[in-house]
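The next block holds one structure in the form of structure tokens; read it before the comments.
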Amino acid sequence: MIMDGLGSNCTEDKELVSTWSKLVPLKVSVLAWRLWQNRIPTKDSLIKRGILEESQSFCPYFCGKEESEEHIFFECLIALVTWSEIIRWLNFSYVSHNSAMWSFLHFAGLCSGDIVMKERFSVIWFGYIWTMWRRGNEENFKSSEGHTEGNSVSYLEDIQLTSWKWLKSKVIGFNHALIQWNLNPKECLGWRS
Ligand SMILES: [Zn+2]
20 MIMDGLGSNC TEDKELVSTW SKLVPLKVSV LAWRLWQNRI PTKDSLIKRG ILEESQSFCP
80 YFCGKEESEE HIFFECLIAL VTWSEIIRWL NFSYVSHNSA MWSFLHFAGL CSGDIVMKER
140 FSVIWFGYIW TMWRRGNEEN FKSSEGHTEG NSVSYLEDIQ LTSWKWLKSK VIGFNHALIQ
200 WNLNPKECLG WRS
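My numbering puts the first residue of the sequence shown at 20, with every later residue one more than the last.
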């Protein structure tokens, strides 16, 4: 891992967060901030704090692994598949996906535009972490309550819709229809590559 989170000497990273997260809801900035500091209340940390028992450590997707930050966002099959769908959607060949801060910086760095463009583009990354966190919690709730019905919206569709809503509500002039966003996100952002 190149960067695991925000150390006290990463002032530049902290500035990045506070500058770039203003297009997403506060709860999403908080999630990203905690993720970068390895302070997400996943089951492994709740077990360490005595809030959950060892027997409750399972990943909500029943892959057999323990639910941890790295697992939910970067290692579980659902995270890997969703991330590769995002890469395909954006027409990239590869985007690093091995730790929270590194994945964010690498993702934002792919945008060749100015800081405003990078900020808008990075909304997709925030959409990814928000969707993975929210849907993982939904899965946990379903299994604890014995529900079997699933959310029929795919993770990618969820991320596309979420990022589109945030951009539409915060960026003046972003008047694209969802279908346009889904078909050509770079064009909607005004990105000329
Ligand atoms: Zn898993």
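Using N, Cα and C, we set each Cβ at its ideal position, and we do this for glycine too.
Keep in mind it's a predicted model, so treat the numbers as computed, not measured.
Chain-order list of residues whose beta-carbon lies under 6 angstroms from that of residue 48 (same chain, five-residue window excluded):
Excluding positions up to five away in sequence, the list reads 40.
DSSP puts residue 77 in a beta bridge; with which residues?
Note: residue 77 sits in a beta bridge opposite 85.
Between the segment 137-145 and the segment 60-77, do three or more beta carbon pairs fall short of 8 angstroms?
Because the criterion of three Cβ pairs below 8 angstroms is not met, the segment 137-145 and the segment 60-77 do not touch.
Within 10 Å of its beta-carbon, does residue 188 have 16 or more other beta-carbons around it, so buried, or fewer, so exposed?
Counting Cβ neighbours within 10 Å, residue 188 comes out exposed, since fewer than 16 surround it.
For ligand 1, I want to know if residue 174 counts as a neighbour, meaning its beta carbon is within less than 6 angstroms of at least one of the ligand's heavy atoms.
No, the Cβ of residue 174 stays beyond 6 angstroms of every heavy atom of ligand 1.
Could you name the residues, in chain order, whose CB is less than 7 angstroms away from a heavy atom belonging to ligand 1?
Taking each Cβ in turn, the ones that pass are 78, 80, 82, 84, 90, 95, 96, 97.
Roughly how many angstroms separate the alpha carbons of residue 134 and residue 159, rounded to a whole number?
Approximately 37 angstroms between the Cα atoms of the pair.
Taking contact to mean at least 3 C-beta pairs separated by less than 8 angstroms, is the segment 144-153 in contact with the segment 98-106?
Yes: at least three Cβ pairs fall under 8 angstroms.
Report, in whole angstroms, the separation of the C-beta atoms of residue 42 and residue 190, which I expect to be a contact under 8 angstroms.
Yes, residue 42 and residue 190 are in contact; Cβ-Cβ is about 7 angstroms, under 8 angstroms.
Candidates 125, 178, 184, 154, of which the one nearest residue 91 by Cα
When C-alpha distances from residue 91 are compared across 125, 178, 184, 154, the shortest belongs to 154.
In or out: residue 25 buried (at least 16 other Cβ within 10 Å) or exposed?
In this prediction, residue 25 has a pLDDT of 34, which is less than 50 and means its spatial position is unreliable; what the coordinates show is noted afterwards. With 16 or more other Cβ atoms within 10 Å, it is buried.
Whether residue 152 touches residue 50 by CB criterion (7 angstroms)
At a Cβ-Cβ threshold of 7 angstroms, residue 152 and residue 50 count as neighbours.
Would you mind giving the Cβ-Cβ distance between residue 11 and residue 125, rounded to the nearest angstrom? I have them listed as a contact below 8 angstroms.
An answer regarding residue 11 cannot be provided, because it is not within the stretch 20 to 212 covered by the chain.
Residue from 136, 175, 156, 166 with nearest C-alpha to residue 207:
The shortest Cα separation from residue 207 among 136, 175, 156, 166 belongs to 136.
Taking only the alpha-carbon atoms, compute the straight-line gap between residue 106 and residue 176 and give it to the nearest angstrom.
Put simply, the backbone Cα of residue 106 is about 13 angstroms away from that of residue 176.
Going by DSSP in three states, residue 163 sits in which element: helix, strand or coil?
DSSP places residue 163 in helix when its eight states are reduced to three.
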